[in-house]
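As structure tokens, the structure follows; a few thoughts come after it.
Number of protein chains: 2
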Amino acid sequence: MSTTGRGLHGRVLDTLGPEITAGGYPPGSVLRTDELAQRFDVSRSVMREVVRVLESMHLVESRRRVGVTVRPTREWNVYDPQVIRWRLAGADRPRQLRSLTVLRSAIEPVAAGLAARNATAEQCAELTECALGMVANSRGHRLEGYLFHDVAFHRVILNASGNEMFARLGDVVAEVLAGRTHHDVMFEDPDPAAVTLHVQLAEAVRERDAARAERLTREITEGALQELDILAP
Amino acid sequence: MSTTGRGLHGRVLDTLGPEITAGGYPPGSVLRTDELAQRFDVSRSVMREVVRVLESMHLVESRRRVGVTVRPTREWNVYDPQVIRWRLAGADRPRQLRSLTVLRSAIEPVAAGLAARNATAEQCAELTECALGMVANSRGHRLEGYLFHDVAFHRVILNASGNEMFARLGDVVAEVLAGRTHHDVMFEDPDPAAVTLHVQLAEAVRERDAARAERLTREITEGALQELDILAP
DNA sequence: TGTGACGTATAAGTCTGACTTTTTATGTGG
DNA sequence: CCACATAAAAAGTCAGACTTATACGTCACA
Chain A
6 MSTTGRGLHG RVLDTLGPEI TAGGYPPGSV LRTDELAQRF DVSRSVMREV
56 VRVLESMHLV ESRRRVGVTV RPTREWNVYD PQVIRWRLAG ADRPRQLRSL
106 TVLRSAIEPV AAGLAARNAT AEQCAELTEC ALGMVANSRG HRLEGYLFHD
156 VAFHRVILNA SGNEMFARLG DVVAEVLAGR THHDVMFEDP DPAAVTLHVQ
206 LAEAVRERDA ARAERLTREI TEGALQELDI LAP
Chain B
6 MSTTGRGLHG RVLDTLGPEI TAGGYPPGSV LRTDELAQRF DVSRSVMREV
56 VRVLESMHLV ESRRRVGVTV RPTREWNVYD PQVIRWRLAG ADRPRQLRSL
106 TVLRSAIEPV AAGLAARNAT AEQCAELTEC ALGMVANSRG HRLEGYLFHD
156 VAFHRVILNA SGNEMFARLG DVVAEVLAGR THHDVMFEDP DPAAVTLHVQ
206 LAEAVRERDA ARAERLTREI TEGALQELDI LAP
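Protein chains in written order, with our numbering: chain A, 6 to 238; chain B, 6 to 238.
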């Protein structure tokens, strides 16, 4: 699951990073490289590399004669996939899922509209294939199969938009959808209305109907907002 | 301008990072830590820290016995403020500005709608103040003053939305607006219609009219899209 | 009592060189 | 031609010494 894992450095990062994002060291806390190196039983070189990465994520700030200070949450690079993963694994997961779902509700409709203009024939085909996969797995507690096609579907939309900023949110959307299926309440089969909307969306993109694609996606994301009891804008 | 600058490590990063994002080392290129250390005349420790940071940005991948490989553009962490800055400073600045403006057109209307619901009295006051500042600087080539208030205005909207993901895009919006004023053609005074829209938006937020705030912001961002010859969705 | 210059301790920053580990290429024998 | 052993290459890790910036306390002076 964790992308980092490689090497001693990555293992330390995967421990310390989540501790910070979880609030284990509140903003303003001061860490010292030497102490951390001792605690994790690694050399200062390794520890320094870890601190540098945390610094590049704006989680901490390293200053001479002071130490490594934890920055206030508002300054964190919250779009860093690593940070997102750490926070989703931590205590304020619900809050994080809400933020990300609101983000989805802003991005995906516009992305779908662009996809309707820019999607290649191949992407259209993938889209319908994913939609069919969702239909096929929409009954009988085949949640994993449904999730798989759902994630693929939204990835194709984001990629087909032709905007790299949108495309890079594919992982985020995947995390949100997976989170909904695995953690939160979803013992029942998915909402048939949502399935229909996806089928129609694939259709709209194939037919180059940007306005309809945007409208349909707005309905989909509004459904996602309602699931989390967020009042729709 | 550059946030990194601090220390030897930061200086190397500020040279190598832009070189990579500018395509100086095409995806697939293989660098070697030792050679880089020689080239920049720094120790391997420093060079390793630089590579670690680039790796955390997904610009490169470091593998044993192979070296440091530049990753394909599609895998870069394009939301990293550092990466955004590097790319905006590079050759594909226009392309980057387009991507970011499209992103704005998706985010800001939703953020404005939320701001209308969540803004504090203080934020409403700031908003009207910024709008007045824009009006005051809208004539007579007072571009810097106008830009200052424009940036502040959009920052307040994003912060007032109450969504941290939106709030963190304040810097990006600032870069885009600054880029428009400084680099691209903007010798003339700003469009009076845009100024009016901002005044009305401040009003809508103050009056808690979410729908109107969203609609007005959509008009503003559509204007920004048209300036870059992007056909409005 | 307040204030400014100065010295000192501290923790990050840097460098060096030796050693380890992983992974790939190469070559050898079946 | 394939399987397996071997070697080489590059990153990874470690230890220790040294440098540099800077926060903070001290002391003299106004």
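The beta carbon of each residue, even a glycine, is placed where N, CA and C say it ideally should be. Note that the coordinates shown come from a computational prediction; the quantities given were computed from them, not determined experimentally.
- Quick one: does A/P86 have its CB under 8 Å from some CB of chain B? yes
- Query: What residue ranges within the region 74-144 of chain B form continuous beta strand (DSSP E) runs of no fewer than 3 residues, ordered along the chain?
  - Reply: none
- What is the C-beta distance between B/V140 and A/S110, in whole angstroms, given that I count them as a contact (C-beta under 8 Å)? With a Cβ gap of about 32 Å, B/V140 and A/S110 do not count as contacting.
- What are the residues that DSSP puts in a beta bridge with A/L36? When DSSP reads this structure, A/L36 sits in a beta bridge with A/V73.
- Message: Output needed for B/G118: all residues of its chain with C-beta closer than 6 Å, excluding positions within five of it in sequence on either side, in chain order.
- Response: A215, A218 and E219
- Item | Within chain B, partners of A/N123 - CB distance below 8 Å | Those within 8 Å of A/N123 in chain B number zero; the least Cβ separation is about 11 Å.
- Message: For the beta strand (DSSP E) containing B/R68, name the first residue and the last one.
- Response: V65 to R68
- Are the beta-carbon atoms of A/A199 and A/I235 separated by less than 8 Å? no
- Inter-residue spacing [alpha-carbon to alpha-carbon] between B/M6 and B/W91: At B/M6 the pLDDT is 49, less than 50, meaning the model places this residue with poor confidence and gives no usable figure here.
- Spatial neighbours of B/V51 in its chain, beta-carbon cut-off 6 Å, leaving aside the 5 residues before and after: Answer for B/V51: L13 and H14, listed in chain order.
- Task: Using a Cβ cut-off of 8 Å (strictly closer), state whether A/V115 contacts chain B.
- Result: yes
- Beta-carbon of B/M6 versus every beta-carbon of chain A: anything under 8 Å? Residue placement at B/M6 is poorly supported in this model, since its pLDDT is 49, which falls under 50; the coordinates still yield a value, given next. It does not; no Cβ of chain A falls within 8 Å.
- Item | Partner residues on chain A for B/V58, Cβ-Cβ distance less than 7 Å | R57, V58 and S61
- Distance, B/L132 Cα to A/A27 Cα: 33 Å
- Query: Can you find a CB in chain A that lies within less than 8 Å of the CB of B/E169?
  - Reply: yes
- What three-state label does DSSP hand A/M62 in the structure shown? coil
- Message: Starting from A/E232, trace the alpha helix (DSSP H) in both directions and tell me its first and last residue.
- Response: A215 to E232
- Is the beta carbon of B/E212 sitting closer than 8 Å to the one on B/I162? no
- Item | Residue-level contact to chain B via CB, A/L105, 8 Å cutoff | yes
- Give the straight-line distance between the Cα atoms of A/E127 and A/G150, rounded to the nearest whole angstrom. 22 Å
- For A/P31, name the three-state secondary structure that DSSP assigns. Here A/P31 sits in coil by DSSP.
- Item | A/Y84 versus B/G175, B/L36, B/E180 and B/A207, residue with shortest Cα-Cα distance | B/G175
- Host alpha helix (DSSP H) of A/N168 (start-end): Element bounds for A/N168: n/a, residue is neither H nor E.
- Item | A/R37: contacting residues in chain B (beta-carbon distance under 8 Å) | The contacting residues do not exist; A/R37 stays about 17 Å from chain B at best.
- Item | Through-space distance from A/L102 to A/S67, alpha-carbon basis | 30 Å
- Message: Whole angstroms are fine: how far does the CA of B/R160 sit from the CA of B/G184?
- Response: 16 Å
- Task: Using a Cβ-Cβ cut-off of 8 Å, state whether A/L21 counts as contacting chain B.
- Result: Not an interface residue.
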